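Quick note, the sequences are listed as chains A and B, same order. Here this note's numbering is used: the first residue of the first sequence is 116, the next is one more, and so on. Here this note's numbering is used: the first residue of the second sequence is 116, the next is one more, and so on. Just so it is clear, CB atoms sit at the ideal spot from N, CA and C, and this is done for glycine as well. From a predicted model like this one, the values you see are computed outputs, not experimental measurements. Note sheet for the following structure.
There are 2 protein chains.
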Amino acid sequence: MAFKQKGKQSISFENPPVITGAASVVGKKEAEGPYGKYFDIIEEDSKLGEDTWEEAEAKLQETAAKKAIQSAGLKTKDIRYMVAGDLLGQLMASSFGLSDLEIPLFGVYGACSTMGESLGIASMIVDGEFAEHVLAITSSHFASAEKQFRFPLGYGNQRPKAATWTVTGSGAIIVSRSVRKKELQEKAEYDRVSDRAKAEKGKVKIKGITTGKIVDYGVKDSMNMGACMAPAAGEVIVQNFADFGCQPEFYDKIITGDLGKVGKDILIDFVRTKGYDIERQYMDCGIEIYGESQNAQAGGSGCGCSAVMLTGYILKMMEKGDWKRVLFVPTGALLSQVSFNEGNSVPGIAHAVVLERIS
Amino acid sequence: MAFKQKGKQSISFENPPVITGAASVVGKKEAEGPYGKYFDIIEEDSKLGEDTWEEAEAKLQETAAKKAIQSAGLKTKDIRYMVAGDLLGQLMASSFGLSDLEIPLFGVYGACSTMGESLGIASMIVDGEFAEHVLAITSSHFASAEKQFRFPLGYGNQRPKAATWTVTGSGAIIVSRSVRKKELQEKAEYDRVSDRAKAEKGKVKIKGITTGKIVDYGVKDSMNMGACMAPAAGEVIVQNFADFGCQPEFYDKIITGDLGKVGKDILIDFVRTKGYDIERQYMDCGIEIYGESQNAQAGGSGCGCSAVMLTGYILKMMEKGDWKRVLFVPTGALLSQVSFNEGNSVPGIAHAVVLERIS
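What follows is the structure, encoded as structure tokens:
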């Protein structure tokens, strides 16, 4: 077994990569929600001055990417790779939004779990010494997602209570190489390296990942994605506990992407049947992002949802020291308009990322 | 700079991963072409006994994955990760085709360049010591692709000469850890390890990769994807020469994915303006896969095209010893039906993989 592997599905990084930059860009509705003050950039115009919803979403990614690079004190040329994805067919927002950066691209798709996937791949690239800095980014847009997966906005369809509201937003993270122990041991370099090590204090590192499998319990309701995704989230969380030999208390928070109110209850019950109680630590980005009066039904969703909550809120809470260790679990419903129309089920997938504050 | 990096966009692997298993599954038209005898499995029924084209494509992936695992002498449980993608919105073929394998999944999208992307990520995972064995797989299907990107088959549209024919097929590769030099130096283990090293002889290793950027020259014709992709292929090939400090003669073959007859001429001219002549080594999977009489216009395409030519033909030519070193460059047109209908250009991307026979 390769020595960085941990248990059946996890990796424990030898030199955990550090998050050196992050940015969140959201739309008006997200800015009006309870976390509005935490987001870095607010776009009042839902089309961002573009002609189409897809171009607007592409612009969200471009804005988030540039802001994250800047927040890390880096230039575009310092970023070796982008690991990017969105919900649109053929990753339209990433393809068009990121082309001007001229950075080698790995396009990824894991539905709303994509931020977990891109952070996982970015961390392996950095810990494996293939790059100093990698950009991990995802986005979603309410209008481009509704048009693609459900109904055109002009149709004005009614939304059942189990439906979620796709977040308009993009979150971008710079995953960077950490100071290696062996570097600190090399005396000639000590001062320079120890300054870098000091600078890492208070930042958040990616200590490990648990990569999810496709989980299909046969749920077919695209208006109830929480139910589709909850078993996938449950399996990857329980596997994380098993692989790292820990209990839920190991984490200050266990945060899923967008299970919403329906998925939350299913998840907590599912995990309980496996012998763990996560109710005290549990939080869901989708439930949090909109207020009760915002008419968002079961909550927010989309791969922008967990991405902006991570970059806008979760990392800031960790850097402040309120939370030391967080299990971040973006959740995806592997739904397509074609598979849905053909009567297929909606399989789920979830990827867990172990975040820890460097003290 | 991390020490595995090579030049501006490349990696030279410290312990190049070995291809220990491969499988190609194709449809009837591909089997009737000049390379028919090389493919491992031929599916005479274009629906593979399924109800829809998408389910048929999913079945192609499932069949290829199982055959590749078997050809490596492994069990499904030995595979730590799958890096998988296809052309369909939300990666339908991968999501539905691979779920029964129950292996942690990284879904990837790079249009027809996806096999280059998945091999790149799989190689980094293995060389970075995060896994012993990783499955890299892609697929395409003529009918599901036409339905999604162009016209329903029943419409019977005419095809211009620059159009390509999407290959029905899936190629799967097992990327495995190679014997490390330091392992051979540890005497106690010598016999066991040296047997493994002997077993690697004649196999193909992944010596390096050059990851591509999005390249957009403003071409808008979805019926002329060769022209859209050729500059991306040209840039990544020239970058590979620069990063590895080599000339075209370093390679016995330089093989692109699916530029077709139109893209081929553009590519050779493009590379020539940069000071390199690749005409002698050059080959394109799309031009090769169908015969002149097969009415495939400019050639084959789709992320199954380069995948089945790699697994069916290229690797076999290398294992036989006919070719020692190959630059494999799958090429992708970042086209979506929505971006096309909205009048956008078709950006291209290409990822290069340096393959070398272990002697």
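Other residues of its chain near residue 483 of chain B: CB distance less than 6 Å, five sequence neighbours each side excluded: Here chain B covers residues 116 to 474 and nothing more, so residue 483 of chain B does not appear.
Is the CB of residue 224 of chain B under 7 Å away from at least one CB in chain A? Locating residue 224 of chain B in the second sequence gives position 109, where the first residue counts as 1. Yes - at least one Cβ of chain A is within 7 Å of the one on residue 224 of chain B.
Output yes if chain B places a C-beta closer than 7 Å to the C-beta of residue 239 of chain A; else output no. Walking along the first sequence from the start, residue 239 of chain A turns up at place 124. Closer than 7 Å to some Cβ of chain B, the Cβ of residue 239 of chain A qualifies, so yes.
What does the alpha-carbon distance come out to for the pair residue 453 of chain B and residue 467 of chain B? For the purposes of this step, residue 453 of chain B is taken as residue 338 along the second sequence, with counting starting at 1. For the purposes of this step, residue 467 of chain B is taken as residue 352 along the second sequence, with counting starting at 1. Roughly 28 Å between the two C-alpha positions.
Just verifying my parser: in three-state terms, what is the DSSP assignment at residue 279 of chain B? Position 164 of the second sequence, counted from the first residue, corresponds to residue 279 of chain B. Three-state result, residue 279 of chain B: coil.
Check whether the Cβ of residue 329 of chain B lies closer than 7 Å to any Cβ atom in chain A. As a first step, residue 329 of chain B must be located in the second sequence, where it is residue number 214. Chain A, which has a Cβ nearer than 7 Å to the Cβ of residue 329 of chain B, makes this yes.
Would you kindly work out how many angstroms separate the C-alpha atoms of residue 292 of chain A and residue 244 of chain A, rounded to a whole number? Mapped onto the first sequence, residue 292 of chain A falls at position 177. Mapped onto the first sequence, residue 244 of chain A falls at position 129. The straight-line gap from Cα to Cα measures roughly 8 Å.
As assigned by DSSP and simplified to three states, the class of residue 116 of chain B: As a first step, residue 116 of chain B must be located in the second sequence, where it is residue number 1. Interpretation of residue 116 of chain B is limited by its pLDDT of 46, a score under 50 that renders its predicted location unreliable; the figure taken from the coordinates is listed afterwards. Looking at residue 116 of chain B - three-state DSSP - the assignment turns out to be coil, as it is neither helix nor strand.
Shortest alpha-carbon distance to residue 326 of chain B belongs to which of B/353, B/138, B/217, B/257? In the second sequence, the residue the question calls residue 326 of chain B occupies position 211. Looking at the Cα atoms, B/353 is the closest of the given residues.
Meets three-Cβ-pair contact criterion under 8 Å: the segment 277 to 287 of chain B and the segment 256 to 269 of chain B: yes
Under 7 Å, Cβ to Cβ, is there at least one residue of chain B near residue 462 of chain A? Here residue 462 of chain A refers to the residue found at position 347 of the first sequence. By this cut-off, residue 462 of chain A is an interface position.
Assign residue 188 of chain A to one of two classes, buried (16 or more other C-beta atoms within 10 Å of its C-beta) or exposed (fewer than that). Here residue 188 of chain A refers to the residue found at position 73 of the first sequence. Burial call: exposed.
Residue-level contact to chain B via CB, residue 126 of chain A, 7 Å cutoff: In the first sequence, the residue the question calls residue 126 of chain A occupies position 11. With 7 Å as the cut-off, residue 126 of chain A counts as an interface residue toward chain B.
Backbone CA spacing between residue 170 of chain B and residue 395 of chain A [nearest angstrom]: Taking the second sequence and counting its residues from 1, one reaches residue 170 of chain B at position 55. Taking the first sequence and counting its residues from 1, one reaches residue 395 of chain A at position 280. Taking the straight line joining both Cα atoms gives about 42 Å.
Express the C-alpha separation of residue 421 of chain B and residue 376 of chain B in angstroms, rounding to a whole number. Working through the second sequence from its first residue, we reach residue 376 of chain B at position 261. Working through the second sequence from its first residue, we reach residue 421 of chain B at position 306. In a straight line, the C-alpha of residue 376 of chain B is about 15 Å away from that of residue 421 of chain B.
Residue span of the beta strand (DSSP E) that contains residue 63 of chain A, given as start and end: Residue 63 of chain A lies beyond the residue range present for chain A, which begins at 116 and ends at 474; the question has no answer from this structure.
Can you name the start and end residues of the beta strand (DSSP E) that residue 399 of chain B belongs to? Within the second sequence, residue 399 of chain B is the residue found at index 284, counting from 1. First-last of the beta strand (DSSP E) with residue 399 of chain B: 397 to 399.
Residue 288 of chain A and residue 134 of chain A look like a contact to me (Cβ under 8 Å); what is the Cβ gap, rounded to whole Å? Walking along the first sequence from the start, residue 288 of chain A turns up at place 173. Walking along the first sequence from the start, residue 134 of chain A turns up at place 19. That belief holds up - the Cβ atoms of residue 288 of chain A and residue 134 of chain A are roughly 6 Å apart, short of 8 Å.
CB residue 172 of chain A to CB residue 228 of chain A, shorter than 7 Å? Position 57 of the first sequence, counting from 1, holds the residue named residue 172 of chain A. Position 113 of the first sequence, counting from 1, holds the residue named residue 228 of chain A. Result no, Cβ atoms of residue 172 of chain A and residue 228 of chain A do not sit closer than 7 Å.
Residue 285 of chain A CB to nearest chain B CB: under 7 Å? Along the first sequence, one-based indexing puts residue 285 of chain A at 170. No, because no Cβ of chain B sits closer than 7 Å to the Cβ of residue 285 of chain A.
Just to confirm my understanding: we take residue 123 of chain B, look at its own chain, exclude 5 residues before and 5 after, and list those with CB closer than 8 Å. What are they? Stepping through the second sequence from its first residue, residue 123 of chain B is reached at position 8. Excluding positions up to five away in sequence, the list reads 354, 357, 358.
Please classify residue 428 of chain B: is it buried, with 16 or more other beta-carbons within 10 angstroms of its beta-carbon, or exposed? In the second sequence, residue 428 of chain B corresponds to position 313, counting from 1. Per the 10 Å Cβ criterion, buried.
Where the alpha helix (DSSP H) containing residue 347 of chain B begins and where it ends: Working through the second sequence from its first residue, we reach residue 347 of chain B at position 232. Segment 340 to 359, the alpha helix (DSSP H) holding residue 347 of chain B.
Please report the straight-line C-alpha distance between residue 146 of chain A and residue 406 of chain A, rounded to a whole angstrom. Locating residue 146 of chain A in the first sequence gives position 31, counting from the first residue. Locating residue 406 of chain A in the first sequence gives position 291, counting from the first residue. C-alpha separation (whole angstroms): 11 Å.
Quick check on this structure: which residue in B/139, B/431, B/222 has the alpha carbon closest to the alpha carbon of residue 470 of chain B? The count along the second sequence starts at 1 and reaches residue 470 of chain B at position 355. When each option's Cα is compared against that of residue 470 of chain B, the closest is B/431.
Below 8 Å on C-beta distance, what does residue 356 of chain B contact in chain A? Looking up residue 356 of chain B in the second sequence gives position 241. Correct list: empty, because the minimum Cβ distance to chain A is about 16 Å.
Close beta carbons around residue 462 of chain A, own chain, < 7 Å, minus the five adjacent residues each side: Taking the first sequence and counting its residues from 1, the one referred to as residue 462 of chain A is at position 347. These residues qualify, in order along the chain: 329, 330, 331, 449.
Please state the DSSP three-state secondary structure of residue 234 of chain A. Your numbering for residue 234 of chain A matches position 119 in the first sequence. If DSSP states are grouped into helix, strand and coil, residue 234 of chain A belongs with the helices.
Skipping 5 residues on each side, what residues in its chain have a beta carbon closer than 6 Å to that of residue 433 of chain A? As a working note, residue 433 of chain A is residue 318 in the first sequence. Only 319, 472 meet the Cβ criterion.
Take every Cβ of the segment 198 to 208 of chain A, pair it with every Cβ of the segment 218 to 228 of chain B, and state whether three or more of those distances are shorter than 8 Å. yes
Note down the Cα distance separating residue 491 of chain B from residue 465 of chain B, rounded to an integer number of angstroms. The shown model of chain B, from 116 to 474, leaves out residue 491 of chain B, and the question about it has no answer.
So with Cβ pairs under 7 Å, would you call residue 398 of chain B a contact of chain A? Taking the second sequence and counting its residues from 1, the one referred to as residue 398 of chain B is at position 283. No, because no Cβ of chain A sits closer than 7 Å to the Cβ of residue 398 of chain B.
Do the CB positions of residue 381 of chain B and residue 342 of chain B come within less than 7 Å of each other? Looking up residue 381 of chain B in the second sequence gives position 266. Looking up residue 342 of chain B in the second sequence gives position 227. Contact: yes.
Where does residue 144 of chain A land, buried or exposed, given buried means 16+ other C-beta within 10 angstroms? Locating residue 144 of chain A in the first sequence gives position 29, where the first residue counts as 1. Counting Cβ neighbours within 10 Å, residue 144 of chain A comes out buried, since at least 16 surround it.
Which term fits residue 177 of chain B, buried or exposed, when burial requires 16 or more other beta carbons within 10 angstroms of its beta carbon? Translated into positions along the second sequence, residue 177 of chain B becomes position 62. Buried, because 16 or more other Cβ atoms sit within 10 Å of the Cβ of residue 177 of chain B.
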